[in-house]
């Protein structure tokens, strides 16, 4: 595909995308640091909080980039799925930092509701087949998380604004900065085929819709991609896959928006014909399951185990 990888400057804190935007990849998901190097205490923002067990790595990367004992002014969540909030409690307590998310994510982040169940029948690949095993909440961060300001400002980031981009999650947001057209898109779209374990490992850059197995509202997802394409971003940083820049990014995002129903929406699946119903109370109702998730999960587990064993063998051969 005609996209360009960013010219990345590698540091221990992860590749720098611009002078004040960097990221680290945590197994299968990215987290982002927004702030100049050596900014100091309360002069930067963390976007998303990765997987459970990664708090120390995130904190070490932050210390490397911003200075020892530096803390963020805020932690911003694009949404509350398990792979974006795994280290949240540890980090929020460690840094005494407020956490912000869209108000429609509050039921899932304050113990009131689980997300709609994943659909392992869509997308293909081991990551999709394993999705019934992923935590879907409810997660409880009461006393830590609060709603983003209604005026679309981003706490701690005066040059950025948040944009409501539902579909993958009801309160999903993306962050955009006008001056350099930098877009942190979360999982509104991604730059790898997240359903495939092979693609997750290789990180081949491709423009894709949101991870299919965790997307309960495809109509909203399409509208969100169309909205983001109209921004004409020059830099896109997504929750999964490598950040991309250049004219090819805009062309590929335009193509994804124009052909979304053909290339992103599964042909069939639990939420394809009818979305889950969600409101400020959380999940209200979901369509019936489209298949046998336990059987598919068992197959997925076998595939995943085979991949892990293959990777270990490759590492031993290289050693």
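Numbering (my numbering), first residue to last: 2 to 320. Backbone N, C-alpha and C define an ideal beta-carbon position, used for all residues, glycine too. Treat the numbers as computed from the prediction; the structure is a model and nothing was measured.
| query | Can you tell me whether residue 154 is buried or exposed, with buried defined as 16 or more other CB within 10 angstroms of its CB? | reply | exposed
| query | How about residue 136 and residue 177: do their beta carbons lie closer than 7 Å? | reply | no
| query | Should residue 75 and residue 109 be called a contact, given that it needs their Cβ atoms to be closer than 7 Å? | reply | no
| field | Residue nearest to residue 25 in terms of C-alpha spacing, selected from 130, 181 and 57 | value | 57
| query | To the nearest whole angstrom, what separates the beta carbons of residue 175 and residue 183, a pair I think is in contact under 8 Å? | reply | Not quite, the Cβ-Cβ distance comes to about 11 Å (not below 8 Å), so this is no contact.
| request: May I have the straight-line CA-CA distance separating residue 43 from residue 216, to the nearest angstrom? | output: 34 Å
| request: Put residue 140 into one of helix, strand or coil per three-state DSSP. | output: coil
| request: Return the first residue and the last residue of the beta strand (DSSP E) that residue 162 is part of. | output: 158–165
| message | Just to confirm before moving on: does the CB-CB distance between residue 214 and residue 290 stay below 7 Å? | response | no
| task | Pull up the distance between the alpha-carbon of residue 8 and that of residue 111, whole angstroms please. | result | Note that residue 8 scores a pLDDT of 35, beneath 50, so its modelled location is shaky; the value from the coordinates is reported in the next line. Those two C-alpha atoms are separated by around 39 Å.
| query | Grouping DSSP H, G and I as helix and E and B as strand, with all else coil, what is residue 221? | reply | helix
| said: Can you find the residues in the same chain that come closer than 8 Å, C-beta to C-beta, to residue 117, ignoring five residues on each side of it along the sequence? | reply: 137, 217, 272, 277, 279, 284 and 287
| Cα-Cα, which of 275, 221, 180 and 252 is closest to residue 231? | 252
| said: Report the CB separation of residue 228 from residue 164 in whole angstroms; it is logged as a contact under 8 Å. | reply: 7 Å
| Unbroken stretches of the alpha helix (DSSP H), 4 residues or longer, contained in the stretch 229–304 | 248–259 and 261–264
| Between 172, 129, 150 and 235, which lies nearest to residue 282 when the distance is taken from Cα to Cα? | 172
| task | Assign residue 73 to one of two classes, buried (16 or more other C-beta atoms within 10 Å of its C-beta) or exposed (fewer than that). | result | buried
| Option in 121, 211, 125 and 79 with minimal Cα separation from residue 146 | 79
| Around the C-beta of residue 106, are 16 or more other C-beta atoms found within 10 angstroms, so that it is buried, or is it exposed? | buried
| request: State the DSSP-derived secondary structure class of residue 74, mapped to helix, strand or coil. | output: coil
| query | Using the C-alpha atoms, what's the distance from residue 275 back to residue 37? | reply | 44 Å
| request: Look up residue 101 in the DSSP assignment and say whether it is helix, strand or coil. | output: strand
| query | Among 20, 128, 226 and 27, which one has its Cα closest to the Cα of residue 190? | reply | 226
| task | Taking the CB atoms as reference points, tell me whether residue 35 and residue 51 lie closer together than 7 Å. | result | no
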